[in-house]
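Q: Provided herewith is a single structure, encoded as structure tokens, for subsequent inquiry.
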Amino acid sequence: MKISITVTLKKDVLDPQGNTIKKALENMNFKNINDIRQGKYFEIDIDEKNEKKAREKAEEMCKKLLANLVIEDYKIIGQQ
Amino acid sequence: MNSSVVIFPGSNCDRDMAVALKKFGFKNNMVWHDDIDLPKSDLVVLPGGFSYGDHLRSGSIASKSKIIQSVIKFAKSGGLLLGICNGFQILTETELLPGVLLRNKFSEFICKNVFVKINNTENNYFKKIKKNVLELHIAHNEGNYFCSNIQMKEIVDNNQIALSYCDKNGEINEKSNPNGSSKNIAAILNKEKNILGMMPHPERMIDKYLSGDDGVIFFENLLNNLK
Amino acid sequence: MVNEKIAVDHGLKKTEFKEICKLLKRVPNITELGLFSAMWNEHCSYKSSKIHLKKLPTSGKKVIQGPGENAGVIDIEDDDAIVFKIESHNHPSFIEPYQGAATGVGGIMRDVFTMGARPIANLNSIHFGSTQHKKTKNLLRGVVRGIGGYGNCMGIPTIGGQTCFDESYNGNILVNAMTVGLVKKNKIFYSKASGINKPVIYVGSKTGRDGIHGASMASAVFDDQIEEKKPTVQVGDPFTEKLLLEACLELMADDSIISIQDMGAAGLTSSSVEMASKGKLGIELYLDKVPCRESNMTPYEIMLSESQERMLIILENGKEDKAKKIFDKWHLDFAIIGKTTKSNKIEIFFNKNKVADVPIEFLSDKAPEYDRKWKKTKLPIKNKLNKNIYKNLKIEDVLIKILASPNICSKEWIWQQYDHTVMGDTIQKPGGDAGVVRIHGTNKAIATTVDSSAGYCFAHPLTGGKQVVCESWRNLVSVGAKPIAITNCLNFGNPEKENNMGEFVECLGGISEACKFLDYPIVSGNVSFYNETKDKGIKPTPSIGGVGLLKDYKKMVSISLKKAENIVLLIGKTEGHVDQSVFAKEILNQKKGPPPEINLFNEKNNGETVLKLINEGYVKSAHDVSVGGALIAITKMCITGNMGININKPKSLVNFFEYFFGEDQGRYLIEIEKKDIEKAKSILEKNSVYFSEFGITQEKNIVLKDSLNVTIEKLDKANKLWLTKYMDS
């Protein structure tokens, strides 16, 4: 089963990369951008047919490695 | 000879490059990224550093800056355009050079001396150069050169590989590859051979008290070829 | 409203809260309480350390600015001055190693360029728990990446440092970062405000809810939204800091700035209060003008935020437009957020309401000062070892085992991740005794080193304190630099415990004594207390950052042996002091006994004479003999120079192992060509320096008749591979 996960910085944490990209886009005449937050996207193919179990495993991976919970949030956004 | 060094927000080898160019006899101008026009130049340099913090992809945001259109025009008309380190990354992002520089194979920043072999001397950068192996310095996080098979065939067929990482005897092998670059590539030229992108920093090796002085050979030779 | 419990949640003592109410003649509101908790905490007020710090030698012929400013300033002749400081970022680095270390590096660089200096070198001293501890590897990796990530992006070379492992840091790692900057003597900027009705300018990044202390998040302030408003770790943005550096230096080129201060710990609170306090002025702030990253920030949050890459400037009237243009050019926020007043108070407004009104002196001069109880550490008695324990040892095995031990092994894996050559003036890279960078465009160079000796300090704080200053001095001498001054980062446990406080007082006593004797004053520094977890404190760890001057960089020497058939002299007397040595700990598994004794007269005399020999041009390479002893020192000289040596059999009666691995102080190894040896010896004799011929250099192998014959390659491998293997495993 393939699980998709995004990891982004927590709401109140400074996102230097997002800021720089926003400024660059504005410089290129893309107006009306309120905010940009960037993050990481993972696709994990787990050898597990049970959806609940696969999600649990993915959850554990997020907590233990993929996300740094001090500054980042993760979201399991889908499976197939 | 007139040279221009472009300063992007986050460039940090701009001064070092200007110092080197002046030392070897160039009359150098510093050019701000927000400017539209380039001063009259025999050589334009995109220096190393972390333009725009290396955000998104190294060199990507710099490749969209205002000055770049003039830089492209200058290069397309045959002017000598040299990109060092982050400058090399900007050149691939503007597609003036093929390929891309990925994260180092062991995904850590590397700062050390390396040896490079000169593969192509039929250009203004390396013509008549005194040595065929130079000891230069690298300092980068993303220097792992990569391109498609089709691009690689073209690069090889057109003799575009300028420098390859090697050992001190000039042997090109896996052990002498510091960052995982395809074919040990340290520098490439465009087809016309007037644009050079290289990861090593010759401007950090311009006297014997530094980590080495093979940069002297590079700059002196370049100036002589332009005279 | 605010009460005693909320004050205690803010880290204030009950007595301190009473004192605040007495001073104000009322109960402070929550914003005011925030100001007090920030200014009265240990970090800003130095309340436990102040009375002891006053005893340190802080002045001298070369000192332009001692402690009390953003950084210390020393004279390096002509119109050049060096600005430097070391600072800790221990706790944040343990919570989030990458960001903690990165923001530590960013903070110390701001302290230096706030004074008008362009940073020219970074160094660091990092201490981790046992290599067996499960957290150590990730913490090390994160910290190293963080230091590199920030310094590399700024384009400032990281030219030196030290890395130590000891189980006392298992729950409290240390990350101390040092920056050295260059400034013209007539262009130094200070934080003292002057003049009334001058605009107060905020520049740099926007303010977010970063780093508002967990302890100060009282439940009264936040109710149902507590999760959302959780305190967040500061994230460093070196790109913005690089822009801030360039923008500040551009504005500093003329005389628009009256005073400038970076917003570090306790952000806007401490910067505004300190500037006003030094200038004996008042200050008015309008917090709605502060550029904020997030919506609905309260005055309390704005005043206490520790968002990075921000500065507070007091500008001359009429210069606002010019200054704004510069910050616009660099895409940085610029806002006029207040003005200086003659009220001697800090008055804070938010949406036209006055939200705080406190006399400046209540926050600064009236902050508490404690003379805490402390306990003396007795000099431990010598650990009497039965000489039989040496019987089964083979010198080659011992040598290799020590070379590959965590505290002695090569740290190349670490410093290769730091850009140490950017700026084009690094003439001595990490791995030697001190890093050296040239003063651009001159014949001068600056040597700099950072040292600590927690093992010695733990065994006997007074001796340890002296030793670490001497070690710093020796490292500078070894490259041919004249030591000028130091900065110190004092990492200790809980000052409310008598033994920890005693360690602090006595280490400081030792530091002070050595600095006075060596004319090596302290010009800046910081104190980091409460390095303890679950009651277990760290070993006392003062980190000393030293700076010295080479008038002619061409005379610099390194540790690499240069040529075969040269004579290596061992300067200083070898008594074979093994207690507290690496040999005792790694090989004999002994932890008892006193650290090696420090003889300040010999230190000074030996060092000055070695410096003389270097300046005469007689010394081809030099290395101070420190941890590991003489055999480890010579091995490092052999490895870096890819040369061998034939070592003379020691004539002294000292036991073989004690002779080669003892850590007696005040010693150096120097390489001299045969043609110069008599001249060199006569200088040594004239100055009554004890020395002996240690060996003769050769092309290959370290040889010691009948006991050792080993290739340099084998030793190099043992030394270099350990850390790489450890990190890969």
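If you read the sequences in order, they're chains A, B and C.
Each residue of the first sequence is one higher than the last, beginning at 53 in the numbering used here.
Each residue of the second sequence is one higher than the last, beginning at 5 in the numbering used here.
Each residue of the third sequence is one higher than the last, beginning at 11 in the numbering used here.
Note that beta-carbon positions come from the ideal geometry of N, C-alpha and C, so glycine has one too.
1. Measure the alpha-carbon distance for K83(A) versus P68(A) and round it to whole angstroms.
2. Would you mind giving the Cβ-Cβ distance between N33(B) and S55(B), rounded to the nearest angstrom? I have them listed as a contact below 8 Å.
3. DSSP puts A455(C) in a beta bridge; with which residues?
4. Name the chain B residues whose beta carbon is nearer than 7 Å to that of L253(C)?
5. What span of residues does the beta strand (DSSP E) with D19(C) cover, start to end?
6. Between the segment 109-120 of chain A and the segment 56-65 of chain B, are three or more C-beta pairs nearer than 8 Å?
7. When you check each C-beta in the segment 46-78 of chain B against every C-beta of chain A, which residues fall closer than 7 Å?
8. With a 10 Å radius around its C-beta and 16 neighbouring C-beta atoms as the bar for buried, classify S229(C) as buried or exposed.
9. Could you have a look at I55(A) and say whether DSSP puts it in helix, strand or coil?
10. Of all Cβ atoms in chain A, is any one closer than 9 Å to the Cβ of K240(C)?
11. Below 8 Å on C-beta distance, what does Q427(C) contact in chain B?
12. Would you report the Cα separation of D461(C) and A131(C), rounded to the nearest angstrom?
13. Residues of chain A with CB closer than 7 Å to the CB of D247(C), please, in chain order.
14. Following a CB-centred definition, is L227(B) positioned closer than 8 Å to any heavy atom of the ligand SAH?
15. Using C-beta distances below 7 Å, list every residue in its chain close to L559(C), excluding the 5 sequence neighbours before and after it, in chain order.
16. Going by C-alpha to C-alpha distance, which of E196(B), K157(B), P206(B) and N228(B) sits closest to K187(B)?
17. Establish whether the CB of D435(C) and some CB of chain B are separated by less than 9 Å.
18. The beta strand (DSSP E) spanning K355(C) covers which residue range?
19. Under 8 Å Cβ to Cβ from L297(C), same chain only, skipping five residues before and after it: list those, please.
20. Hey, does N79(A) have any beta-carbon neighbour from chain B nearer than 9 Å?
21. Below 8 Å on the Cβ atoms is my contact criterion, and I expect K355(C) with D367(C) to pass it. Report the Cβ-Cβ distance as a whole number of Å.
22. For M511(C), does the three-state DSSP call read helix, strand or coil?
23. Comparing C-alpha positions only, which one of V557(C), R155(C) and I222(C) sits nearest to V73(C)?
24. What does I73(A) reach in chain B if we use C-beta pairs closer than 8 Å?
25. DSSP on D381(C), reduced to helix/strand/coil?
26. Note down the Cα distance separating E224(B) from S45(B), rounded to an integer number of angstroms.
27. Indicate the three-state DSSP secondary structure (helix, strand or coil) for L85(B) in the structure shown.
28. If we call anything under 9 Å between Cβ atoms a contact, is L140(B) one with M209(B)?
29. Taking D38(B) as the reference, give the member of A76(A), Q132(A), K116(A) and K109(A) with the closest Cα.
30. For E126(B) and T431(C), what's the separation of their Cα atoms in angstroms?
31. Can you find a CB in chain C that lies within less than 9 Å of the CB of V122(A)?
32. What does T431(C) touch in chain B if you count any residue whose Cβ is under 8 Å from its own?
33. Within 10 angstroms of the Cβ of T25(C), are there 16 or more other Cβ atoms? Answer buried if so, exposed if not.
34. Mind checking which residues open and close the beta strand (DSSP E) that includes Q271(C)?
35. Consult DSSP for L45(C) and reduce its assignment to one of helix, strand or coil.
36. Taking all protein chains shown into account, do 16 or more other C-beta atoms lie within 10 angstroms of the C-beta of R19(B), making it buried, or fewer, making it exposed?
A: The structure says:
1. The residue labelled residue 83(A) in the question sits at position 31 within the first sequence. The residue labelled residue 68(A) in the question sits at position 16 within the first sequence. Using only the alpha carbons, I get a separation of about 19 Å.
2. Against the second sequence, residue 33(B) aligns to sequence position 29. Against the second sequence, residue 55(B) aligns to sequence position 51. Wrong, their Cβ atoms sit about 18 Å apart, outside the cutoff.
3. Your numbering for residue 455(C) matches position 445 in the third sequence. BP columns for A455(C) point to R448(C) and L560(C).
4. In the third sequence, counting from the first residue as 1, residue 253(C) sits at position 243. In chain order, P13 make up the part of chain B whose C-beta sits under 7 Å from the C-beta of L253(C).
5. If you number the third sequence from 1, residue 19(C) lands on position 9. Not the beta strand (DSSP E): D19(C) falls in the alpha helix (DSSP H), residues E14 to D19.
6. Touching, no, given that fewer than three Cβ pairs across the two stretches are closer than 8 Å.
7. Listed by position along the chain: Y56, G57, H59, L60, I65 and K68.
8. Locating residue 229(C) in the third sequence gives position 219, counting from the first residue. Because the pLDDT of S229(C) is 32, which lies under 50, any placement of that residue in the model is unreliable, and the number read from its coordinates should be weighed accordingly. S229(C) sits exposed, since fewer than 16 C-beta atoms from the chains shown fall within 10 Å of its C-beta.
9. Your numbering for residue 55(A) matches position 3 in the first sequence. Under the three-state reduction of DSSP output, I55(A) falls in the strand class.
10. Within the third sequence, residue 240(C) is the residue found at index 230, counting from 1. The pLDDT assigned to K240(C) is 47, lower than 50, so where the model puts this residue is not dependable, and the model offers no usable value.
11. The count along the third sequence starts at 1 and reaches residue 427(C) at position 417. What Q427(C) touches in chain B, judged by beta-carbon distance under 8 Å, is E112, F113, I114 and C115, going in chain order.
12. Position 451 of the third sequence, counted from the first residue, corresponds to residue 461(C). Position 121 of the third sequence, counted from the first residue, corresponds to residue 131(C). D461(C) and A131(C): Cα-Cα distance of roughly 16 Å.
13. Locating residue 247(C) in the third sequence gives position 237, where the first residue counts as 1. Going along chain A in sequence order, the residues near D247(C) (Cβ under 7 Å) are L66 and P68.
14. Questions concerning the ligand SAH fall outside what the structure shown contains, since it holds no ligand whatsoever.
15. Mapped onto the third sequence, residue 559(C) falls at position 549. Here L559(C) has I86, K454, I456, A491, K492 and I494 as same chain residues with Cβ atoms under 7 Å from its own Cβ, once five neighbours each way along the sequence are excluded.
16. In the second sequence, counting from the first residue as 1, residue 187(B) sits at position 183. Of the candidates E196(B), K157(B), P206(B) and N228(B), the one whose C-alpha sits nearest the C-alpha of K187(B) is K157(B).
17. On the third sequence, position 425 is the one that residue 435(C) refers to. Output row for D435(C): interface = yes.
18. Here residue 355(C) is taken as the residue at index 345 of the third sequence, counted from 1. Its beta strand (DSSP E) spans residues K355 to F360.
19. Here residue 297(C) corresponds to residue number 287 of the third sequence, with the count starting at 1. Contacts found: P309, I312, M313, I347, I358, F359, F360 and V365.
20. In the first sequence, residue 79(A) corresponds to position 27, counting from 1. Cβ-Cβ to chain B under 9 Å: yes for N79(A).
21. Residue numbering aside, residue 355(C) sits at position 345 when the third sequence is read from its first letter. Residue numbering aside, residue 367(C) sits at position 357 when the third sequence is read from its first letter. Right, their Cβ atoms sit about 6 Å apart.
22. On the third sequence, position 501 is the one that residue 511(C) refers to. It is helical.
23. By 1-based counting over the third sequence, the position of residue 73(C) is 63. The shortest CA-to-CA distance from V73(C) to any of V557(C), R155(C) and I222(C) is the one to V557(C).
24. One-based indexing of the first sequence puts residue 73(A) at position 21. Proximity of chain B to I73(A) at the Cβ level (cut-off 8 Å) is accounted for by H59, L60 and I65, in chain order.
25. As a position in the third sequence, residue 381(C) is number 371, starting the count at 1. Residue state, collapsed to three classes: coil.
26. For the purposes of this step, residue 224(B) is identified with residue 220 of the second sequence, where counting begins at 1. For the purposes of this step, residue 45(B) is identified with residue 41 of the second sequence, where counting begins at 1. Taking the Cα positions, E224(B) is about 18 Å away from S45(B).
27. Residue mapping note: residue 85(B) aligns to position 81 of the second sequence, counting from 1. Strand, per DSSP.
28. In the second sequence, the residue the question calls residue 140(B) occupies position 136. In the second sequence, the residue the question calls residue 209(B) occupies position 205. L140(B) places its beta carbon less than 9 Å from that of M209(B).
29. Taking the first residue of the second sequence as position 1, residue 38(B) is located at position 34. Of the candidates A76(A), Q132(A), K116(A) and K109(A), the one whose C-alpha sits nearest the C-alpha of D38(B) is A76(A).
30. For the purposes of this step, residue 126(B) is taken as residue 122 along the second sequence, with counting starting at 1. For the purposes of this step, residue 431(C) is taken as residue 421 along the third sequence, with counting starting at 1. Roughly 31 Å between the two C-alpha positions.
31. For this step, residue 122(A) is matched to residue 70 along the first sequence. Yes, because at least one Cβ of chain C sits closer than 9 Å to the Cβ of V122(A).
32. Taking the third sequence and counting its residues from 1, one reaches residue 431(C) at position 421. Here the neighbours are C115, H141, A143, H205, R208, L214 and S215.
33. In the third sequence, residue 25(C) corresponds to position 15, counting from 1. With fewer than 16 Cβ atoms within 10 Å of its Cβ, T25(C) is classed as exposed.
34. Taking the first residue of the third sequence as 1, we reach residue 271(C) at position 261. Residue range I267 to D272 is occupied by the beta strand (DSSP E) that includes Q271(C).
35. What you label residue 45(C) is simply residue 35 of the third sequence in a count that begins at 1. In the three-state reduction of the DSSP assignment, L45(C) falls in the helix class.
36. Taking the first residue of the second sequence as position 1, residue 19(B) is located at position 15. With 16 or more Cβ atoms within 10 Å of its Cβ, R19(B) is classed as buried.
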